[in-house]
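Under the UniProt record's numbering, the first residue of the sequence shown carries the number 1, and numbering increases by one thereafter.
Ideal placement from N, C-alpha and C gives every residue a C-beta, glycine not left out.
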Amino acid sequence: MKRLVLAWAATAVAATGAGVAVLGLLGNGLTGASSHVLTGPEVRAALATATARAVATPTGSPARPRQEKLIRSPGGTVIASCDGDRVTLRSWSPAQGYAADGVEPGPARVTKVEFEPEEGEEIELTITCSGGRPVARTSS
Numbered sequence: 001m002k003r004l005v006l007a008w009a010a011t012a013v014a015a016t017g018a019g020v021a022v023l024g025l026l027g028n029g030l031t032g033a034s035s036h037v038l039t040g041p042e043v044r045a046a047l048a049t050a051t052a053r054a055v056a057t058p059t060g061s062p063a064r065p066r067q068e069k070l071i072r073s074p075g076g077t078v079i080a081s082c083d084g085d086r087v088t089l090r091s092w093s094p095a096q097g098y099a100a101d102g103v104e105p106g107p108a109r110v111t112k113v114e115f116e117p118e119e120g121e122e123i124e125l126t127i128t129c130s131g132g133r134p135v136a137r138t139s140s
């Protein structure tokens, strides 16, 4: 019995060692950390580049914040955003007992989503942009 336990322990240690060695050969090690550590100047340069991209568009003009709006209806909810006069449906989620159908997500001047109930009348949301903000019209 003692030999069986020792054989099992030796096999477990060998298998673990082989696994760690294979991971090391793949280049990521056991923790997934990269073997290249950035220096202080490399970190500052990477942050400056990322910040510059986040603040300006390719033309160098400040980026316009995208106006998003949560729109609720009895048939479900929609998150829409405007970029100028063009609207895009970012997400839509039907309420319980409804299904989404006829989705026109954009970007376009007009977007739509229909929420169809299991029974009863469907609800259609038509969304446009006014003053850079999403505006919804509900019809059934």
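Under a 10 Å Cβ-count criterion, W92 is classified as buried, with 16 or more other Cβ atoms of the shown protein chains found around its own Cβ. DSSP, reduced to helix, strand and coil, places R44 within a helical segment of the structure shown. Proximity to V78 across D85, S140, F115 and L47 peaks at F115, based on C-alpha coordinates. Setting aside the 5 residues that flank it on each side, I127 is surrounded in the same chain by A80, V87, T111, P134 and A136, each with a C-beta closer than 6 Å to its C-beta; the list follows chain order. Within the same chain, Cβ atoms closer than 8 Å to the Cβ of E124 are found at G102, K112, V113, E114, F115, T138, S139 and S140, the five residues on either side in sequence being excluded.
V135 sits in a strand when the DSSP states are folded into three classes.
DSSP places V110 in the coil class of the three-state scheme, outside both helix and strand. The beta carbon of P107 is closer than 6 Å to those of R86 and T88 in its chain, skipping five residues each way along the sequence.
In this structure, the beta-carbon distance from G132 to E118 does not fall below 7 Å.
Between P74 and A95, the beta carbon gap of about 7 Å places them in contact (Cβ cut-off 8 Å). Going by DSSP, E122 is part of no beta strand (DSSP E) at all; its letter is neither H nor E.
Looking at the backbone, the Cα of R44 and that of E104 are separated by about 43 Å.
DSSP lists S81 as the beta-bridge partner residues of T88.
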